[in-house]
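Below: one structure, written as structure tokens.
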Amino acid sequence: MLRMTQPSTVLSIFAMFLHTTFGESGCASADGDGTLGDDEPDNFDIDCFSQLDIKDPFSSLTCNFTELPPHNTTYTLSLCTKDDNKYTCDNMKKQEDAYFLQFTDILSNRDLCMFSETKRRVCRSLVVTHIVKPEAPFAINITYQREANEYLIRYRTPHSGKKYLEGKLIHQIAYRQKEGTWKTIESPHHHVRLLGQNLEKNASYEVKVRSQPNGKFFKGTWSEWSTSKSFRTAREQHSTESYSSVVMIILSILGFMLCIVMIALIIIFWENRIKPAVWPNLPDHKKTLEKLCKKPKNNFDISFNPESFGYVHIHKVDGIRAKAELENFLQPSIAPETSLPEKFRKGSDLKMIPAMTDKSNLNLSVTYGGIWPAEAPHRLLSTSQLAVTEENCSSSTYEVCHGNRVPLHNSGGSNLSSAPPLDPSGQPRPEPPNDDTVSQMLPNYEMRSPNNEEAYVTMSNFYKIQ
Amino acid sequence: NSAFFRSTLPVLPLLLVLSPVNSSSCAMENKTTEIHVKYENILIHDISELVNISAQNRDRCCKNKKHENIKVFFCNDTQEIESLQSMACNMLRFFHKQRISKAFRWKAAFVSCGTLQVLKCKCEGHRKER
Chain C
1 MLRMTQPSTV LSIFAMFLHT TFGESGCASA DGDGTLGDDE PDNFDIDCFS QLDIKDPFSS
61 LTCNFTELPP HNTTYTLSLC TKDDNKYTCD NMKKQEDAYF LQFTDILSNR DLCMFSETKR
121 RVCRSLVVTH IVKPEAPFAI NITYQREANE YLIRYRTPHS GKKYLEGKLI HQIAYRQKEG
181 TWKTIESPHH HVRLLGQNLE KNASYEVKVR SQPNGKFFKG TWSEWSTSKS FRTAREQHST
241 ESYSSVVMII LSILGFMLCI VMIALIIIFW ENRIKPAVWP NLPDHKKTLE KLCKKPKNNF
301 DISFNPESFG YVHIHKVDGI RAKAELENFL QPSIAPETSL PEKFRKGSDL KMIPAMTDKS
361 NLNLSVTYGG IWPAEAPHRL LSTSQLAVTE ENCSSSTYEV CHGNRVPLHN SGGSNLSSAP
421 PLDPSGQPRP EPPNDDTVSQ MLPNYEMRSP NNEEAYVTMS NFYKIQ
Chain W
1 NSAFFRSTLP VLPLLLVLSP VNSSSCAMEN KTTEIHVKYE NILIHDISEL VNISAQNRDR
61 CCKNKKHENI KVFFCNDTQE IESLQSMACN MLRFFHKQRI SKAFRWKAAF VSCGTLQVLK
121 CKCEGHRKER
């Protein structure tokens, strides 16, 4: 029994020793950090950067020696991944002075190992997402906004349509006047505004842009600068330009307000003033006549009944016969007629009877087409006082001359009863002239008044008679 | 009695040695914040591309009426990490299925490997294809 327990004890102790030495974490190295490094510390200085999603689905790693190794030795850089205690390494390709490698896995923790000719391997841990160097921006565009006096700088980045870095970059914009000092602005967006008041007027400026991961998950270094873009600032705005723009604005506002006021006035005064002036109303004939015609007085008794005009001497006038009688009357007295003013020689049928006539030889012919008025001789006699002189043949005495023809002499015995008898036709028969009697044949065309001086009858006499 | 204990005592270390290696439990079991950050910044883009590819070939992928693999991509509550591990490992099995489009298989493998890498898990009995 004792012989069997002794070998089992030794075996168990040996197994325990193996278990501790070959742990789950794999082979333990002398330095204890889990890397495959030998006992000697890593002494290579190398600078690496990664570019994510440079060509879908690949990312790249680029390394440069900061301190070149001796030329007589050959080194191999590899990107290694530990998997089940095994290292899987991918050798980097040498391109001039840099080492380059494309890969897909950016999640795994990587190790950068350098292999020398002596099979000596030196490794360094590497986190691909912490050494990201973005691609340089491009397509810089500068626009001047006159109203705001600002310069809008826009640019594009290759990572806009890619998977990992879109929206996770911060951009730095550098600008300077020609041969001046660079000034920088940082922005997470794809545009930046420069205030015009901070820039010199009518000067030439240069602009360039670069990018960097924002540091929240992806970390790294600045990208290369973009291609520089130059622009020239605007000239100083003259006060007159701004003044003219202000004046234009004010004038446009005033014009607009004036239009509104005019429209309001047109609407208000359309019915009362504008429309009557443009389209005057046609007068109403009835109303117009009412305005023109004078209304007779209330005490006027207007009537067209002939019987009401019984007191009025109405003489019918035969125009042609009156003219002929008048000519006969005027012939014996041609000489005195020539002494009359010319104006009295012309005229109507009723010529002026010469004033200075031989009274004794004067024959008056009175021809009427109508009834010899009974009062006519009386009126004729009453006008005996009248003296018609040559000088008084004015307009006022014209009627007298016309009406009387001759001054009447009150012979006292004038017999006016020698009125010509009426013909059955109403026409007075001409009587032979009598030296003692003076018969006046007055062409009474009108009777202006009850006065014997006026033998003409007019419509207005009706109003006066009444 | 003393002989019994002397004879059985060495067996215990042997059991310890001969016991199988710990199961492939994910090392990121309690590190959900780190898992979430890596998912938001990296995995989500590849999963979106995988979804777009599967949408283009919708009818081709779902013609299996046997539903024998319905439990392959099932997610258990309170076992999200184990479920993700299981899904990733099961998806890798389709890498060699020639009936599925090459672009889909490569993208599925890429997502599976990325998931296992984030969870720091391994597939039991399977090899991860790259």
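So the sequence lines, in the order shown, correspond to chains C and W. Read left to right, the first sequence gives residues 1 to 466 (the UniProt record's numbering). Read left to right, the second sequence gives residues 1 to 130 (the UniProt record's numbering). Built from N, CA and C at the ideal position, the CB exists for glycine as well. Quick caveat, the model's predicted, so the values are computed rather than measured.
- Approximately 6 Å separates the beta-carbon atoms of Ile42(W) and Leu107(C); this is inside 8 Å, confirming the contact.
- If you check each beta-carbon in the segment 84 to 117 of chain W against every beta-carbon of chain C, the ones closer than 8 Å belong to Phe110, Cys113, Gly114 and Gln117.
- Interface flag for Ser230(C) against chain W is unset, since no Cβ pair is found closer than 7 Å.
- In the assembly as shown, Glu135(C) is a buried residue. Its beta-carbon has 16 or more other beta-carbons within 10 Å.
- Looking at the DSSP output, Tyr175(C) sits in a beta bridge with Lys183(C) and Val207(C).
- Between Asn198(C) and Lys168(C), the C-beta gap is not smaller than 7 Å, which leaves the two residues out of contact.
- Using a CB distance below 8 Å, the part of the segment 95 to 117 of chain C facing chain W consists of Thr104, Asp105, Ile106, Leu107 and Ser108, ordered along the chain.
- Cβ-Cβ distances below 7 Å link Lys229(C) to Ile140, Ile142 and Val207 in the same chain, with the five nearest sequence neighbours on each side left out; the list follows chain order.
- The beta carbon of Asn41(W) falls within 7 Å of a beta carbon belonging to chain C, placing the residue at that interface.
- Arg121(C) sits in a strand when the DSSP states are folded into three classes.
- In the three-state reduction of the DSSP assignment, Pro280(C) falls in the coil class, being assigned neither a helical nor a strand state.
- Proximity of Phe217(C) to chain W, defined by a Cβ-Cβ separation below 7 Å, is satisfied.
- Within the same chain, and ignoring the five residues on either side of Arg156(C) in sequence, the residues whose Cβ sits closer than 8 Å to its Cβ are Pro137, Phe138, Ala139 and His190.
- Between the alpha carbons of Thr73(C) and Asp53(C) lies a gap of roughly 34 Å.
- Under DSSP, Pro188(C) forms no beta bridge with any residue.
- Between Leu165(C) and His171(C), the C-beta spacing is not below 7 Å.
- Interface annotation, Lys163(C): in contact with chain W, CB-CB separation under 7 Å.
- Within chain W, no residue has its beta carbon less than 9 Å from that of Pro188(C); the closest one is some 16 Å off.
- Under a criterion of Cβ atoms nearer than 8 Å, no residue of chain W is adjacent to Pro134(C); the nearest Cβ is some 15 Å distant.
- Each of Gly161(C), Lys162(C), Lys163(C) and Tyr151(C) was checked against the Cα of Ile173(C), and the nearest Cα belongs to Tyr151(C).
- According to the DSSP secondary-structure assignment, Pro306(C) is paired through a beta bridge with no residue.
- At a beta-carbon threshold of 8 Å, the residues of chain C lying near His45(W) are Lys163 and Tyr164, ordered along the chain.
- In chain W, no part has a C-beta under 9 Å from the C-beta of Pro158(C); the shortest such distance is about 16 Å.
- Contact note: Val51(W) does not reach chain C at a C-beta cutoff of 8 Å; the least C-beta distance is about 14 Å.
- Contact between the segment 95 to 115 of chain C and the segment 76 to 86 of chain C is established, with three or more Cβ pairs separated by less than 8 Å.
- Across the structure, Glu186(C) and Lys55(C) are spaced so that their CA atoms are roughly 27 Å apart.
- Restricting attention to Glu117(C), Arg120(C) and Asn64(C), the CA atom closest to the CA of Lys93(C) is found in Asn64(C).
- Exposed is the label assigned to Arg273(C), since fewer than 16 other Cβ atoms lie within 10 Å of its Cβ.
- Contact between Phe104(W) and Ser48(W) is ruled out by a C-beta separation of about 14 Å, above the 8 Å threshold.
- Just so you know, the alpha carbons of Gly180(C) and Tyr205(C) end up roughly 9 Å apart.
- Taking the CA atoms as reference points, Glu117(C) sits about 26 Å from Val127(C).
- For Ser112(W), no beta strand (DSSP E) segment is defined; the enclosing uninterrupted segment is the alpha helix (DSSP H) at Lys102 to Leu119.
- Only those residues of the segment 48 to 78 of chain C whose C-beta falls short of 8 Å from the nearest C-beta of chain W are listed: Pro57.
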